[in-house]
Amino acid sequence: MKHYDVIVIGMGLAGLMAAKTAAERGKRVLLIGKGIGTAHTYTGCIDLLGYYPAQSSSPVENPFESLRRLIEERPDHPYARVGAPDIRNALTSFLGLFGEKGYHYLSQGEKNAITLTPSGCTRATYLFPSTMEWGGIEDSRDILIVGFHGLKDFYSAYIAHNLNSLRKERRLPFGARSISLPLSELSRRKTAPSSVLARLFEEEGFRNKIAEAVRTGRTGEERVAFPAVLGVERPREVRKELEAKLGTPVFEIPTLPPSVPGFRLFQTFKRDLKKKGVTIIMGFSVSEALVRDGKCLQVTVSSPPVQRSYSAEVYILATGSFFGGGLEAKGDRVVEPIFNLPVHQPVSRKNWFGDQFFSDEPHPIERFGIMVDERLNPVDEKGRVVVGNLHGAGSILSHSNALREKSGGGIALSTGYKSAKGELH
Amino acid sequence: MDLKTQVVIIGGGITGLGIARDLAQRGIEFILLEKGNLANGASGRNHGYLHSGARYAVNDPHAARECIRENRILKEIAPSCIEDTGGIFVSLPEDSRTYRDQFLRSCEEIGIPTRCLTPSEALELEPNLSHDITGAIHVPDAAIDPFLLVFGNAGEAGDYGKEILTKTAVTRLIRARGRITRVEARNLVTGEPLIVRADFVVNAAGAWADQIARLADLSFELELSKGSMVITNQRVSHRVIHRCRLPSDGDIVVPNHTVSILGTTSLKVGDTDNLTVEPGEVSLLIEEASRMLPCLTGTRYIRAYAGVRPLFKAGSGQDSRELSRGFVLLDHGVGDGVKNFITIAGGKLITYRLMAERTVDLVCHKMGLTIPCKTHLTPLPETKAGVHGRGEYLKRLGQEADEGDAEIVCDCELVTRGELEEALRVLPTKGLGEILHLTRLAKGTCQGAFCSYRLLGILHAMDKVEAINSNAQLKGFLEERWKGIRPVLWGDQLREHEFIGEMYMGILNLDKVK
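Quick mapping for you: the protein sequence lines, in order, are chains A and B. Numbering of the first sequence is given in my numbering, commencing with residue 104 and proceeding in unit increments. Numbering of the second sequence is given in my numbering, commencing with residue 11 and proceeding in unit increments.
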């Protein structure tokens with residue numbers, strides 16, 4: 104059986120961050136994930152705390168100030184478990200993944216940035232990719248939104264319509280107009296998902312045709328927005344080239360999944376982890392863990408007919424919530440399938456949800472998850488540590504309102520960071 | 011707005027539209043008023059089951075006779091709405107042998123063709139059946155798409171916005187000199203009032219029929235019985251599967267396009283407008299139906315819904331003419347003294363045409379006309395968007411891929427952009443509810459995860475959006491979907507749900523949009 108210092112289970116943002124943090128401290132790390140994580144299901148921006156309290160619909164201006172309030176008011180919240188200094192440390196460490204010259208992440212100082220959504224709404228986030236730099240809503244330059252007939256998860260007319268409504272309603276200083284380019288006239292494909300379109304954007308010939316079509320369709324708009332498909336490997340170059348050809352700033356608006364910026368994020372992490380010597384097992388899930396006397400001795404990865412076990416000093420569980428598979432909802436109760444850890448939940452299935460999908464209050468189920476102490480050790484209802492050398496990170500943790508607070512990215516990075524930073528073990 | 015016509019029909023369910031089609035065929039003018047979308051009530055919330063009559067053979071032979079007769083007619087006139095699956099009644103060891111014998115005898119007397127199968131013959135036809143079955147009887151049941159039936163009748167009867175007015179609620183019925191002289195209504199979207207003057211008023215409001223009668227100061231009692239149903243992620247049988255025993259909870263599974271529908275429960279309710287399915291009902295249905303089809307314990311469920319059977323309570327002091335145990339036709343000119351007002355109540359999906367025929371016969375009689383009914387002779391126009399049978403559909407999909415717009419908008423149910431655009435051109439699109447029934451968009455495994463957004467996007471691309479804030483429309487659409495998803499959220503469907511939440515609240519931020 105192979106032995107490591109740290110085994111991280113889960114390849115989402117929390118698991119990746121944990122693996123990076125442990126590796127940087129000289130640990131021998133094994134990262135196991137059943138897929139490519141869930142980064143490609145988000146916008147690619149890193150939300151820290153967009154809205155607080157969770158029910159509020161006005162964005163938080165300074166997330167660090169609101170975080171201080173949250174940590175005081177909600178001691179069970181994952182952010183309160185991490186504490187303000189390590190939240191900052193985690194963000195700094197994350198930013199260090201990107202060189203300043205290439206594709207990288209930006210913020211508006213200590214403040215939240217207001218970004219555009221694929222439905223023409225606005226949304227508060229903290230860190231955003233450099234390709235979204237010119238999408239600011241205080242900017243008074245009109246926007247031409249470019250869509251593609253054949254890209255199903257982005258509709259430029261939809262976005263322009265609602266932005267123009269917002270312009271009247273909230274006095275946004277810019278107007279928006281849309282064009283939709285037929286993919287069949289630009290390539291040999293009639294349709295393409297965002298991931299494929301992003302590869303096409305890396306071809307110079309394709310870019311030339313796009314630039315030509317956009318020049319023809321433009322009527323004086325001083326900013327041009329594309330769906331977030333401006334290349335996978337070289338987004339910076341793709342954007343610069345388009346800007347040069349069009350003579351205007353170009354920026355990306357997120358699409359529905361798969362999110363290309365999310366995929367870029369995953370790739371960047373993966374390259375970094377490989378460089379740091381992390382062993383990665385992708386495509387296999389941990390089927391069980393051996394725990395004795397409150398200590399995990401090994402985990403087993405099953406790929407029938409072969410079963411392989413690995414051991415470590417420390418284990419980090421970052422398997423996500425329901426979507427990721429970290430939590431499973433049986434008929435009437437929620438379980439954590441690998442360690443069978445106690446899960447914070449109400450008694451009956453009747454109380455999992457509120458009456459309306461878009462309820463003001465978060466649905467109770469959004470707060471379900473494993474309970475942890477300030478060392479991120481899983482605990483039971485009475486606060487007793489269940490497995491001493493196990494730490495939880497990311498959306499598997501209970502008591503967050505990530506979906507409504509827009510805090511998922513920050514929670515993943517900061518709990519991933521703290522779970523692996525060393526002095527806990 | 012002031013309108014004049016010969017007949018006002020109140021209610022845009024299958025009964026109202028059946029009447030509309032019959033009137034149109036006999037050359038009588040009408041205006042139909044519906045407060046919601048078409049098929050809003052029981053017409054859109056049933057099993058999609060085309061009775062052979064066998065289910066009623068033992069304890070209601072009269073209803074059974076009506077069923078088999080209409081079954082044969084509908085298979086002739088509405089083939090594009092029907093999948094002629096056949097049905098199997100299965101017996102389990104604890105089921106009474108006496109009932110089975112009685113069942114066979116009754117079917118024979120009524121004229122419902124039956125064929126007895128050995129357990130192994132039945133298992134060969136339906137491999138998912140329980141190996142415990144002791145016998146099976148094949149009957150000419152079928153699956154019917156009630157939405158396509160409604161749209162088919164509507165399509166032949168008249169035009170949306172002209173004869174067929176949806177989102178238009180009747181607010182007052184003005185009575186004078188023993189007649190209803192004026193029907194007052196309001197457009198619920200624009201708030202605009204509407205007055206219709208007509209020779210006759212037909213109340214076909216289903217579960218709301220008593221409320222409509224009350225507007226004319228008349229009263230009768232309806233008993234509302236709620237039936238809940240659960241939808242599987244994939245089809246578990248080719249045929250309709252029943253338990254061969256007296257009808258009770260969870261004894262029928264009806265195939266419906268790509269899914270199967272488990273039913274039903276029966277609970278008295280007081281209110282028609284807020285029907286929720288309780289977790290307990292879902293568990294009961296699954297437990298009972300899995301006695302016949304054991305795979306139902308482990309399968310994925312995508313939705314649950316409830317409908318109301320509006321049963322007419324006889325003996326409320328009306329001089330009514332009871333036509334059958336299934337439905338009643340009330341001539342309010344007799345006894346109530348409102349000469350030009352008729353109520354048609356009760357009944358079943360399968361007898362809608364017969365109900366329409368009798369209603370229009372009465373209208374004609376009162377008008378002194380003798381025009382015979384022809385609705386049983388002429389086929390319904392085919393709703394192109396709803397071709398039954400996936401084979402046909404896939405063939406068309408292939409053609410579209412060669413010719414043009416085969417971009418698939420709903421990945422679960424393979425709805426193309428071309429198909430959606432066609433439906434959007436036909437239908438009034440201020441409400442999105444009808445789109446999914448006509449195309450099956452958002453009716454599959456993911457229940458609208460990607461395609462709800464795409465639907466809005468395509469509406470915008472076609473410049474068909476009138477709302478200032480179209481995201482409110484999208485939220486409304488998802489909220490409707492949610493009602494049915496909520497009762498079945500566990501396992502994989504819950505994972506899917508979390509993903510939907512991530513998209514619409516996480517990425518689109520719609521929880522923060524008014």
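Virtual Cβ for every residue (Gly too), placed ideally from N, Cα, C. On a predicted model such as this, the values are computed, not experimentally measured, just so you know.
Since residue i and residue j should fall inside the 8 Å C-beta cutoff, what is the C-beta to C-beta distance between them, to a whole number of angstroms?
i	j	result
Ser462/A	Thr144/A	In fact, because the Cβ distance is near 22 Å, the residues do not count as touching under 8 Å.
Ser501/A	Met474/A	5 Å
Ser222/A	Ile262/A	7 Å
Cys117/B	Thr108/B	Not confirmed; about 15 Å, so no contact.
Ala80/B	Ile360/B	Note that residue 80/B corresponds to Glu in the displayed sequence, not to Ala. Correct: roughly 5 Å between the Cβ atoms.
Ala505/A	Ser522/A	About 17 Å; that fails the 8 Å criterion.
Trp237/A	Arg318/A	Their Cβ separation, rounded to whole angstroms, is 18 Å, which puts Trp237/A and Arg318/A out of contact at 8 Å.
Cys383/B	Asp32/B	6 Å
Taking all protein chains shown into account, decide if residue i is buried (16 or more other Cβ within 10 angstroms of its Cβ) or exposed.
i	result
Asp435/A	exposed
Ile110/A	buried
Gly253/A	buried
Lys474/B	exposed
Arg55/B	buried
Asn519/B	buried
Ser480/B	buried
Gln328/B	Caution applies to Gln328/B, whose pLDDT of 42 falls short of 50 and renders its modelled position unreliable; the value that the coordinates give is listed next. When all chains shown are included, Gln328/B counts as buried.
His375/B	exposed
Leu256/B	exposed
Gly396/B	Any reading at Gly396/B must be qualified, since the residue scores a pLDDT of 44, below 50, and its modelled position is unreliable; the value itself is stated next. Per the 10 Å Cβ criterion, buried.
Asn163/B	buried
Asp396/A	exposed
Val199/B	exposed
Lys45/B	buried
His398/B	Residue confidence for His398/B is low, a pLDDT of 43 falling below 50, so the modelled location carries little weight; the figure read from the coordinates is stated next. By the 10 Å Cβ count, His398/B comes out buried.
Thr518/A	buried
What residues are listed by DSSP as bridge partners for residue i?
i	result
His252/A	Pro285/A
Ile192/B	Residue identity check: residue 192/B is Arg in the sequence provided, not Ile. BP columns for Arg192/B point to Ile184/B.
Ile20/B	Leu43/B, Asn213/B
Phe337/B	Gly356/B
Tyr154/A	According to DSSP, Tyr154/A bridges with nothing at all.
Ile419/A	Val111/A, His494/A
His525/B	Lying outside 11 to 524, the shown extent of chain B, residue 525/B is not represented and no answer is given.
Just how far apart, CA to CA, sit residue i and residue j?
i	j	result
Phe161/B	Val193/B	25 Å
Arg280/A	Gly350/A	18 Å
Ile92/B	Leu379/B	33 Å
Ser268/A	Arg337/A	35 Å
Val488/A	Asp476/A	8 Å
Val394/A	Glu469/A	28 Å
Thr286/B	Leu277/B	12 Å
Pro156/A	Ile514/A	16 Å
Lys493/B	Ser414/A	46 Å
Thr455/B	Gln244/B	8 Å
Ala314/A	Leu275/A	27 Å
Glu506/B	Glu233/B	38 Å
Pro137/B	Asp261/B	18 Å
Ile282/A	Ala347/A	20 Å
Asp151/B	Ala132/B	15 Å
Arg182/B	Leu225/B	6 Å
Val370/B	Arg75/B	21 Å
Gln211/A	Val341/A	23 Å
Pro265/B	Gly96/B	10 Å
Ile83/B	Phe157/B	18 Å
Ser243/A	Lys271/A	14 Å
Could you name each continuous alpha helix (DSSP H) segment of 4 residues or more that falls completely within the segment 119-152 of chain A, going from the start of the chain to the end? Within the segment 119-152 of chain A, no alpha helix (DSSP H) run of at least 4 residues lies entirely inside it.
Contacting positions in the segment 258-285 of chain A - beta carbon closer than 7 Å to chain C: Here chain C cannot be found, since the structure's protein chains are A and B.
Where are the beta strand (DSSP E) runs, 3 residues long or more, that stay fully inside the segment 205-286 of chain A, in chain order? Listed in chain order, they are 216-219, 225-228, 246-252, 279-285.
Extract the residue ranges of the alpha helix (DSSP H) inside the segment 53-130 of chain B, only unbroken runs of 4 or more that lie entirely within it. Counting only runs that start and end inside the segment 53-130 of chain B, the alpha helix (DSSP H) elements of at least 4 residues fall at 71-87, 107-120.
Please give the ranges of any beta strand (DSSP E) in the segment 464-500 of chain B, keeping only runs that are unbroken, at least 3 residues long and fully inside the region. DSSP runs (the beta strand (DSSP E)) wholly in the segment 464-500 of chain B: none.
Curious, which full-length beta strand (DSSP E) runs of at least 3 residues does the segment 388-449 of chain A contain? If we require 3 residues or more, the beta strand (DSSP E) runs fully inside the segment 388-449 of chain A come out as 388-395, 398-406, 409-420.
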